[in-house]
Amino acid sequence: MPHTILTPKAVKKLLITFLAPLPIVAFICYVSNSSSLKQHLQTISQSYVHQIEEIVDELRDENYQALYDATTCRQIQKDLLFEAFLREMLIVEEGRVTCSSKRSEDEIFQIKHKFSESKLNTGEYLFDISYEDGPVRSLLIIDQDKNNLHRSAISIVDQSYIDVRLGLKDDDRIAQSVMTVSGNTYPSNTHLKPSQFLTMEQSKHLNIQVTIEPSNKLINELYTNTLLVTIPISLFLSIFWHLFSYWYQTRGSLAEKIKKALINNEFFLVYQPLVDSSTSKIKGVEALIRWSHPRSGFIGPDVFIPVAEQHGLINNITDFVFERTLVDWKTHTTNNLHISINVPPSYLSQNSCLEKLTLLASRYKEQGLKLGIEITERQLLDKSDRAILTDIKKLGIDVSIDDFGTGYTSLSVLEDTEFDYLKIDRCFINTIGIKSINSPVLNSIINLANNMNVLMVAEGVETKEQADYLKDHGVQLLQGYFFYKPMSFEEIATLLENN
Ligand code: C2E
Ligand code: CA
Ligand code: CA
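Take the sequence shown: its position 96, counted from the start at 1, is 96 in full-length UniProt numbering, and no numbers get skipped.
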């Protein structure tokens, strides 16, 4: 039975793997989110500057009209009656206001001294202008008359218009914004909070700058977004890491478990009969390893054989199978029963291989057994492995090529390899009855084996239809659930006695 994995230690580890990437992920998300916030603020400030540029351009046109087209002050007043951006337009000559778009002649008298000392050069300026409700900081667009440098037109921008254009009203994305013209600011008493998000934009052709400070709402959105992205990413990373380390550890420890299992005798063998296709009589058996782990339960060879191969334990397992087979069959007398053992190519590469097999062949013979080895075709057999097969055959050991058709062996390699049986892989047997009429690849393998004069074993025969087809096509030996499943030694011994 699998034991619980949610021990306090495991929970602690789970928590650590979740919390560990959190600061780094949060930092990366924060940097990326704040860079996109900065871009966003840049776009906002650009749009503000653009809007102010539009107002200035329009008022500059009005200045030109007043300077060059209008013939009387009255006409200026009439022309500008509905100009929305404008609080007032003044014509100043020699420092004296001579015309206002809004004021009567008496009223003009009250302000005429205001510009007497100022230089009235063409440009944009911020001035505190007195009105009846007190001094008002205003944006002035001034144009000098090119024909008379002592004459200028001054457009005073309506304050509420600037407020709207600077987003001071209605834009909840910004807390404050400031327009700077030649060192003066509008509004005059703004203190911007120093922060990395203060964004400044300079007009390309005017002497005007806009600086904006984002609202708390926008900054909070940044933190919320960072949090919303950080948590799932960290969770994903920690789950990934946890699964990976679990996989890595269990894999690593599986090799350790295999070593212990060999010492503690946890492996045992089952045997699957191979039957003669024409008589259905048992001709031999294949030894298949099984593992009953005291805590993890049954572990299939498909799981642990590849791990044993990777960790250099497969030769120990093969030695175990050779020895255990002899132990199992000690008490049972057979008449030259054929016993097949799965042998990996690495076993053939050992220096002591021939010596070991010579001894094993004679011990098997003494017990009335005919030893055979199955070499899987899935792994590459190098030249020396193939050469040794000739010597092995000379010892009277039958050689089968296992899983034929699924691996690396090219036909030319087969030609200079000595073997007795070709075991046709289950995947080709499966095609019988499924592929209509005949199974072309299977038929080619059968023809090939006939031409090479070797015997055939069909693996994984599960139906009568398959058994009949293989028999009809001359395949000599059959193995599969249709005849017998792998069984314990006691079961096979009883079966053979009754056979
Ligand atoms: P394999 O050598 O091709 O062994 C045949 C496998 O097919 C066995 O699975 C057997 O139980 C299964 N089989 C037999 N007849 C049928 C059938 O009609 N239908 C189906 N679906 N399956 C059938 P098992 O015992 O799980 O072994 C799997 C593989 O593990 C073996 O494939 C072999 O590559 C490896 N293996 C098993 N025992 C040993 C061993 O002692 N040493 C080595 N080196 N490898 C072994
Ligand atoms: Ca086999
Ligand atoms: Ca096989």
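Built from N, CA and C at the ideal position, the CB exists for glycine as well.
CB contact flag (residue i, residue j, <8 angstroms)
i	j	result
Tyr186	Leu139	yes
Ile174	Ile156	no
Gln272	Trp329	no
Thr325	Leu269	yes
Val307	Ala255	yes
Ile289	Pro301	yes
Asp80	Ser101	Residue 80 is actually Leu in this sequence, not Asp. Cβ distance < 8 angstroms, so Leu80 and Ser101 count as in contact.
Pro21	Ser234	yes
Leu86	Glu62	yes
Leu360	Ile392	no
Val181	Tyr125	yes
Val343	Ile317	no
Val25	Thr224	no
Leu354	Tyr364	no
Own chain, CB closer than 6 angstroms to residue i, minus 5 neighbours either side, in chain order
i	result
Ser45	Thr199, Glu201, Val210 and Ile212
Arg386	Thr417
residue 501	Residue 501 lies beyond the range of the chain shown here (1 to 499); nothing can be said about it.
Leu90	Val97, Ser100 and Ile154
Own chain partners of residue i with C-beta closer than 8 angstroms, once the 5 adjacent residues on each side are dropped
i	result
Leu477	Leu274, Val275, Asp276, Ser277, Lys283, Gly284, Tyr421, Leu455, Met456, Val457 and Ala458
Val461	Ile429, Ala467, Leu470, Leu478, Gln479, Gly480, Tyr481, Phe482 and Phe483
Asn499	Lys281 and Ile282
Phe298	Arg290, Trp291 and Ser292
Thr190	Gln176 and Val178
Asn207	Gly123, Glu124, Val181 and Ser182
Ligand 2 heavy atom lying under 7 angstroms from the CB of residue i
i	result
Asp416	no
Glu366	no
Glu491	no
Glu377	no
Glu374	yes
Beta-carbon contacts of residue i that lie in its chain and below 7 angstroms, excluding the five residues immediately before and after
i	result
His150	Glu93 and Glu94
Arg165	Tyr48, Gln51, Ile52 and Ile55
Gly433	Thr463, Glu465 and Gln466
Thr406	Glu377, Arg378, Asp425 and Cys427
His242	Leu14 and Thr17
His3	Unreliable positioning characterises His3 in this predicted model, as indicated by a pLDDT of 43, which lies under 50. A coordinate reading is not provided.
Leu495	none
Ala493	His332
Residue i: CB within 7 angstroms of a non-hydrogen atom of ligand 1
i	result
Asn498	no
Gln249	no
Asp403	yes
Glu459	yes
Ala287	yes
Asn342	yes
residue 508	Residue numbering for the chain in the displayed model covers 1 to 499; residue 508 lies beyond these limits and cannot be assessed.
Thr318	yes
Residue i: CB within 7 angstroms of a non-hydrogen atom of ligand 3
i	result
Asp328	no
Asp425	yes
Go through the stretch 106 to 168 residue by residue and report every complete run of the beta strand (DSSP E) that reaches 3 residues or more, in order. The qualifying runs are 123 to 131, 134 to 145 and 148 to 157.
Completely contained beta strand (DSSP E) runs for the stretch 331 to 370, where each covers 3 or more residues: Complete beta strand (DSSP E) runs here, min 3: 337 to 343.
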